[in-house]
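Below is one structure; the comments refer to it alone.
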Amino acid sequence: MNILFMGTPDFAAESLKCLYEAKYNIIGVVTNPDKPKGRGMKMVASPVKEYALEKGLKVYQPEKVKKNEEFINEIKKTNPDLIVVVAYGKILPKEILEIPKYGCINVHASLLPKYRGAAPIQWAVINGDKVTGVTTMYMDIGMDTGDMILTKETKIGEEETTGELWDRLSKIGGELLIETVKQIEKGNAPRTKQGNNFTLAPMLDKQMAKINWKEKTASQIHNLVRGLNPIMGAYTFLNEKKIKFWKVKVISEQDLIILFPELEEYSYKIKELEAGTVMFSSDKKGVFIKAKEGIISVLEIQGENSKRMPICDFLRGNDIMAGEMFE
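The opening residue of the sequence shown carries number 21 in my numbering; numbering runs sequentially from there.
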C-alpha cells in the first residue's frame, strides 16, 4: 500500500515513525513550512520534517493546500492508495480527499464526537476530564466529522499535564494507526457514523490563561494550570508583576492546618478571606492561596522576566507575604 503522510508536530512524528517501522511504503511526507523561532528567529523545521529527512523520505511543504493546483497535481502524480493525516494543521479540500483509493484517514486525540477541533488534549485537561483517548476516522470536508474507524480509551491522571498526556496519546495514536491501516488493507475496517452529541475544542487564546480567582474554584484553577503546561502557562498578577504558575496542588483547610498548626485558632477567618489572598508563605513549605472554593498550593512558579523554578527556590530570592493579593 502506497501511503502519503501529512502532519506537523511531534505528536504526528510518532505516527510517522510507527508507519515507517511497520515497513509501509511512505511515498511522501507533507508538513508545514519551516518557521522562524527563538531570539535569532532561525528557521526551524517541524518534527515531522526532521524525521522524514532522517529517513530519506520525500518532503512537501506547501504554504497552502486549498486552491493550490500545482500541489494537488503533484499529489495526484504520487498516486497514493491512502493518505494519513495527523495534526497537519490545514483542512484538506475535496480534491485531495478524493485522490486515494482507500480515502484519507485521520488520527485525532479525543474520543469523537467529543472535542472536535484543534486542541482536544488541552481542553480535556482544562475541563477536568477523567478519561480521553484517540480515534481514527475517515476524513470528509467537515472538521473532524468523518466516520469513525477505531478508538482507544485511556484515563487521565489527576496531576497529569497536557504535555504528559500529549506524549502518551501520541504513542497510543501511532499504535492505533497501524491497527487501522492493517484493517483497511484486509478490507474489514469498521465505519461508524458520529452522533450529534459533539463538543468543540477550539484553539487556545492567551486571554483564557489568566487565572480568575473570584470565579474559579481551586480545582478549576488546578486544571487550568495542568491544561496550559507546557504550552503557555496560567498567569496571575502580584504587585503588578506577571507571575506564571506551572504546577499547583489543591488542598483543603484541614490540610493547611495540619501543615501549619498555628493557624488553627484563626481557622474561622479563612472563610472570610477574599479569593486570591496569600494565606501562608514560607521558603520551606511554599505559598498557599485562597480560591473561591479550596486552597491552591503553588509548587512551580515563574516570576516576571525569570525562569520557571520550584516555589521554595523562588521564595529564597523573592518575597511573597501573607495577606498579599494575587489578581
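Ideal placement from N, C-alpha and C gives every residue a C-beta, glycine not left out.
At least 8 angstroms separates the beta-carbon of residue 172 from that of residue 197. Pairing residue 219 with residue 153, the inter-Cα distance amounts to about 15 angstroms. Taking the C-beta atoms as reference points, residue 189 is found nearer than 8 angstroms to residue 129.
In this structure the segment 84-99 touches the segment 111-118; the number of beta carbon pairs closer than 8 angstroms is three or more.
Under the criterion of beta carbons closer than 8 angstroms, residue 183 and residue 249 qualify as touching, at roughly 6 angstroms. Secondary structure note for residue 334: its alpha helix (DSSP H) is the uninterrupted segment 331-335. In the DSSP assignment, residue 254 falls within the beta strand (DSSP E) that extends over 254-258.
In this chain, the alpha helix (DSSP H) harbouring residue 98 covers 89-98.
Linking residue 256 to residue 265 through their CA atoms gives a straight-line distance of about 8 angstroms.
Linking residue 125 to residue 70 through their CA atoms gives a straight-line distance of about 22 angstroms. Measuring C-alpha to C-alpha distances from residue 101 to each of 107, 119, 147 and 90 identifies 119 as the nearest.
With at least 16 other beta carbons inside 10 angstroms of its own, residue 301 counts as buried. If only complete runs of 3 or more residues are kept, the segment 233-302 shows the beta strand (DSSP E) at 254-258, 261-271 and 298-302, in order along the chain.
Residue pairing for residue 158: DSSP places it in a beta bridge opposite 125.
Between the segment 299-316 and the segment 227-239 there are three or more C-beta pairs closer than 8 angstroms, enough to call the two in contact. Three or more beta-carbon pairs separated by less than 8 angstroms link the segment 330-337 to the segment 302-310, which places the two stretches in contact. Assignment of residue 120 by DSSP, reduced to helix, strand and coil, places it in the coil class. Taking each of 141, 80 and 232 in turn and checking the Cα distance to residue 187, the smallest one comes out for 141. Membership of residue 25 in the beta strand (DSSP E) is indicated by the continuous run 22-27. The shortest CA-to-CA distance from residue 78 to any of 267, 95 and 268 is the one to 95. With contacts defined by Cβ atoms closer than 8 angstroms, residue 319 and residue 268 form a contacting pair. Between residue 67 and residue 29, the C-beta gap is smaller than 8 angstroms, which places the two residues in contact. Annotation note: the segment 145-218 contains the following uninterrupted beta strand (DSSP E) runs of length 3 or greater, listed N- to C-terminal: 151-158 and 168-175.
CA-CA distance, residue 46 to residue 38, rounds to 11 angstroms. Shown here for residue 155: same chain residues with a beta carbon closer than 7 angstroms to its own, the five before and five after excluded, namely 128, 130, 131, 132, 168 and 171 in chain order. Residue 321 holds the alpha-carbon nearest to the alpha-carbon of residue 258 among 242, 321, 144 and 65. Residue 62 places its beta carbon 8 angstroms or farther from that of residue 40. For residue 320, the enclosing beta strand (DSSP E) covers residues 315-322. If you draw a straight line from the Cα of residue 276 to the Cα of residue 299, it comes to about 9 angstroms.
For residue 45, the pairing in a beta bridge is given by DSSP as 22. Residue 103 is bridged by DSSP to 24 and 124.
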